[in-house]
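A.B. asks:
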Amino acid sequence: MSPRNVHAPAPAIPDAEASPGACFTVREAAAFLNLNEKKLYELANSKDIPAARIGGKWLFPRALLEEWLLEQAHGGALTDRLLITGSDDPLLAATVSALAPTLGAEAFVAYSPTGTLTGLELLARRRANVCALHWGGVEHSEQQHATLLRSFGGHRQWALVRLALREQGVILRRGLHIDGIETLAGFDYRWAMRQTGAGSRHFLESALASRGFSAADCTVVATAHTEREAAGIVAREEADCAPGTRAAAAEFGLDFLPLGWEAFDLALPRDILFRRLFQDLLRAHAGPASQALAQRLGGYDLSPLGQVIGLD
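Using numbering that gives the first Met the number 0, you'd call the opening residue of the sequence shown number 0 and step up by one each time.
Structural data, given as C-alpha cells:
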C-alpha cells in the first residue's frame, strides 16, 4: 500500500505591521516613532523628516527613517564619521588625507568626488554629509550656488560654507602654448571632457558660449569624472586639454590656460556645521600645511575660508 501524499500547510503570509516593507505608511511611521499622525504630517510637510509624497499619500523610507532617528539621539549617533562628495579638489583631498590618520579608529573622514550635481543629489538622499561644489564665476557665485541648492529637496536644512576661491580654466599638456580657448575649440585638439553636471564643464561651457562656441565644437576623446582624472589623462598625453583648475594642472606638472575665478563651497546639513569633525576639517584646511600647499599649487585664495553663505 503506497503512502498517502501529505501536503504541508502553506507558509503564513507575514503580517504587514510586523514586517514592514521598504516604506512606512503614515500610520506605520507614526506607530514606529510613537507619534500621533498629526505631528508626523507636520514634520513631513516641513521636510524635517525623510518622506516622499506619491500619488497624494506620504511614504516614509524605512532605512532613512531609522537613520534619522539615530541622528536625533544624543546629538547624533553618526557624529563619528564625515563623508564628503561632490567636486574634486587637490587641496581638499590633501587636507582629508592628512586629517584621517590623526583620528585613528575613533572617527572616520573620507572624500569621494562625483562632480557637483551628483554630489548634491547624494547629499539630498542623505548618502553623504558634505558636498563640495562650484558653479560659475565668482562674481555671481553666492546667487548661483544658493539657486542651485534650492533645486534639491532638503535644502532648507542646509548651510553653505566657503572653502576658497579657485582659478578655473583649461589644463594643457606640457609644451602646448595656446593663447585662447577659441583655438582649442576651433581646431582639432583632443579634449578630456568632464561629465555633464561637473562644475568645471559648466564653467567651460559658459566661457565657450561667450566666444560663440559650444562643447560640441570640441573634439572629445575621453570623459573624466574627476578633476584629477582629467589632469592624469592629459599628463599621459592621451588628450591635449581638459577643463579644470590651475591647482590640478600644477599637481601634474601641466600647463594651464586661465579663464577666471570661481567660489569653491561646501554644502552640508546645518546640524553638521558645528560637529567636531567638520570643525576639525576647517581647522586643518586653514593650517600651515594646507596654506603652504595652496601656495605651491597656485590658483587659490583661502581668505574667505569658513565664511557661511546665506541661502535666502
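Ideal Cβ placement from N, Cα and C applies to all residues, glycine included.
1. If we ignore side chains and look at the alpha-carbon of each, how far apart do Pro338 and Pro49 end up?
2. Can you give the beta carbon distance from Leu258 to Ile180, rounded, assuming they're within the 8 Å contact cut?
3. Between the Cα of Leu253 and those of Arg193, Ser209 and Pro242, spot the shortest distance and give me the residue it belongs to.
4. If you draw a straight line from the alpha carbon of Gly85 to that of Arg274, how long is it in whole angstroms?
5. Do you know how far the Cα of Glu204 is from the Cα of Ala76?
6. If you draw a straight line from the alpha carbon of Ser302 to that of Arg161, how long is it in whole angstroms?
7. Which class does Ser318 belong to by DSSP, given the choice of helix, strand or coil?
8. Is the beta carbon of Glu27 closer than 8 Å to that of Ser140?
9. Suppose you measure from the CA of His73 to the CA of Ala230; what does that come to, to the nearest Å?
10. Tell me Gln167's beta-bridge partners as DSSP assigns them.
11. Rounded to whole angstroms, what is the Cα-Cα separation between Ala97 and Asn35?
12. According to DSSP, is Lys56 helix, strand or coil?
13. Looking only at its own chain, which residues have a Cβ that is under 6 Å from the Cβ of Phe212, when we skip the five neighbours before and after it?
14. So the candidates are Leu122, Glu138, Asp187 and Ala191; which of them puts its Cα closest to the Cα of Leu159?
15. Start and end of the beta strand (DSSP E) containing Leu132?
16. Which one or two residues does DSSP pair with Gly85 in a beta bridge?
17. What runs of the alpha helix (DSSP H), each 4 residues or longer, lie entirely inside the stretch 135 to 220?
18. Quick one: Cα of Ile308 to Cα of Leu147, how far?
19. Starting from Pro287 and walking both ways along the alpha helix (DSSP H), at which residues does that stretch end?
20. Measuring straight from C-alpha to C-alpha, what distance separates Trp190 and Leu256?
21. If you follow the alpha helix (DSSP H) that Leu39 is part of, which residue opens it and which one closes it?
22. In chain order, what residues of the same chain lie with their CB nearer than 6 Å to the CB of Ile83, ignoring the 5 residues before and after it?
23. Per DSSP, which one or two residues make a beta bridge with Arg80?
C.D. replies: Per the coordinate set shown:
1. For residue 338 there is no data in the structure shown, the boundaries of the chain being 0 and 311.
2. The pair is a contact, with the Cβ atoms about 7 Å apart (cut-off 8 Å).
3. Per the Cα distances, Pro242.
4. If you draw a straight line from the Cα of Gly85 to the Cα of Arg274, it comes to about 20 Å.
5. Confidence at Ala76 is low in this model, with a pLDDT of 43, below 50, so its placement is unreliable and the value that follows should be read with caution. Approximately 42 Å between the Cα atoms of the pair.
6. 10 Å
7. The requested residue 318 does not occur in the structure, where the chain is confined to residues 0 to 311.
8. no
9. The predicted model places His73 with a pLDDT of 46, which falls under 50 and marks its position as unreliable, so this point remains unresolved.
10. Thr244 and Gly259
11. 47 Å
12. The three-state reading of DSSP puts Lys56 in strand, counting E and B together.
13. Ala184
14. Leu122
15. Val129 to Leu132
16. Pro112 and Ala131
17. Segments of the alpha helix (DSSP H) lying fully in the stretch 135 to 220: 140 to 149, 180 to 185 and 198 to 208.
18. 13 Å
19. Pro287 to Leu296
20. 14 Å
21. Glu36 to Asn44
22. Tyr110 and Val129
23. Beta-bridge pairing links Arg80 to Phe107.
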